[in-house]
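One structure is given here, and the rest of the page talks about it.
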Amino acid sequence: MIVPDSGHLALVLLLAAVIDIVFGEPPAAVHPVVWIGKLINVLKNAAPQTHRKAYGVVMALCCVFFAALLGYSVLYITALPEIPRVLALLIEAYFLKATFAINCLLSPAKEIYGHLEANRLDKVRELLPIYVSRNTSKLTRTQMSSAVIESVSENYVDGILSPIFYYALFGEFGLVAAYAFKAISTLDSMVGYKTEPYKELGYFSAKSDDVLNWIPARISIIFILGAALIVSLLPKKLGNVSPLNSIKSAFEDGTKTPSPNSGYPMAATAGALGVKLEKPETYILGALYPPTEVKDIKRVSQLIAVASGFSLAACAAVIQLAGVYLHL
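Residue 162 in full-length UniProt numbering sits at position 162 of the sequence shown, and the numbers go up by one each step.
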């Protein structure tokens, strides 16, 4: 087997980003994360009525093992001397791309923005539950806009930053780490609820997701701050952003959400955009700012797109610098 150098690993990451931006999500039949989801469904449906918390631990470990084995198998195959380096790059990039989704994160915001602009509120109420966990039947246009902005900023961590963070952190086994994280993230989205029938079954998965996102959620403040700095230099077609308020809000409001992690990127975004984000009867972030408007959905898409690019560049740079330092 050929051990990949840091240049190879960084190139895989950047190529994965290009695949994501240009092609978006692969078909379900050949999407590795869909395979993980199918395994979770099988194990979830086989869950016993007793000892569900213990079963949830075993279920999570089985899914992480499957995902990690999938990532390792890709590395093993692409490291074979018979595999051309260009083909190895493409295969690894394809599988790495499946662990993060810039296109998939921003496209729904664009769709919902269009419906809100056309005042198709019933359609928005129909779509929103896919992205946010709240009753949408009585939400106003302002609250709908807020929900979209919250979703985009929160999912930036889980859906983009965390997988590439673990890819960069674990060097030559970065793909394995990214897939192990993605297994926990997918488990959390499917069974990590505080209500029945998943309260005990998804307990371990939810807690593991909290632990794995703890550092990336706090690092996200830096990337959103950097994005706000960059956006502040662009023509002000979508309105001003405030880098200083971004970091101020993150420290003031980052702990106000029930989740130990989601408050940080959401509060940083609220400060950067200068808007109030509110989940009724749960939290208010940026209470002193004006309520959100529909146009703010475009603004958050721009901000998070830049933050995503910043994150990718930073992780690629870290991989390169680590390679130089460790002589990979």
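Where is the CB? At the ideal position from N, CA and C, for every residue including glycine.
For residue i, which option in the options has the closest C-alpha, if you only look at C-alpha atoms?
i, options, result
"Y289", "E92, K248, A183, K298", "K248"
"A250", "I219, Y94, V33, V132", "I219"
"L175", "L161, A317, Y72", "Y72"
"T186", "K110, K207, A93, D122", "K207"
"V74", "C63, R52, V64, L89", "L89"
"N245", "M266, I112, T257, N155", "M266"
"V42", "P235, H51, M144, C62", "C62"
"G200", "L69, A54, T257", "The sequence as given places Glu at residue 200; Gly does not occur at that position. That would be A54, whose Cα lies nearest to the Cα of E200."
"residue 346", "I164, L212, V191, L70", "Because the chain spans 1 through 328 in this model, residue 346 falls outside it and cannot be assessed."
"D158", "P27, A322, D210", "D210"
"L121", "A101, Q143, Y131", "Q143"
"residue 370", "I222, H51, S145, V241", "Residue 370 lies beyond the range of the chain shown here (1 to 328); nothing can be said about it."
"V132", "L234, I91, A118, I149", "I149"
"I224", "S6, G309, D296", "G309"
"A180", "Y94, A217, L212", "L212"
"G192", "R141, P243, S259", "S259"
"E281", "W214, T257, P26", "T257"
"V33", "A183, A228, G7, A109", "A183"
"A217", "D188, G56, G114, E154", "E154"
Three-state secondary structure (DSSP) at residue i?
i, result
"L285", "strand"
"E117", "helix"
"P27", "coil"
"P280", "coil"
"P290", "coil"
"F100", "coil"
"R134", "coil"
"D5", "coil"
"L328", "In this prediction, L328 has a pLDDT of 48, which is less than 50 and means its spatial position is unreliable; what the coordinates show is noted afterwards. Residue state, collapsed to three classes: coil."
Determine the direct distance from the alpha carbon of residue j to that of residue i, and round the result to whole angstroms.
i, j, result
"T195", "E82", "51 angstroms"
"S137", "N103", "27 angstroms"
"T311", "V231", "Before going further, note that residue 311 is Ser rather than Thr in the sequence given. Rounded to the nearest angstrom, the two C-alpha atoms are 15 angstroms apart."
"F204", "A60", "7 angstroms"
"A147", "G274", "15 angstroms"
"L116", "V294", "7 angstroms"
"V315", "Q49", "Correcting the residue identity first, residue 315 is Cys in this sequence and not Val. When rounded, the distance between both Cα atoms is 43 angstroms."
"I284", "A268", "13 angstroms"
"L128", "G263", "19 angstroms"
"P84", "Y76", "13 angstroms"
"L328", "L321", "Bear in mind that the predicted position of L328 carries a pLDDT of just 48, short of 50, making it too unreliable to give a figure here."
"L139", "E278", "11 angstroms"
"K276", "V86", "47 angstroms"
"L39", "L11", "31 angstroms"
"E126", "T99", "27 angstroms"
Is there a Cβ from chain D that is less than 7 angstroms from the Cβ of residue i?
i, result
"I83", "No chain D is present in this structure, which holds just one protein chain."
Counting Cβ pairs, one atom from each stretch, are 3 or more of them under 8 angstroms apart for the region 165-174 and the region 20-27?
no
Looking at C-beta atoms only, is the number of pairs between the region 105-121 and the region 301-312 that lie closer than 8 angstroms three or more?
yes
Which runs of the alpha helix (DSSP H) at least 4 residues long sit entirely within the region 43-94? Give them in chain order.
52-78
Curious, which full-length alpha helix (DSSP H) runs of at least 4 residues does the region 196-274 contain?
203-232, 243-253, 263-273
Quick one: complete alpha helix (DSSP H) runs, 4+ long, within the region 139-203?
141-156, 162-169, 174-191
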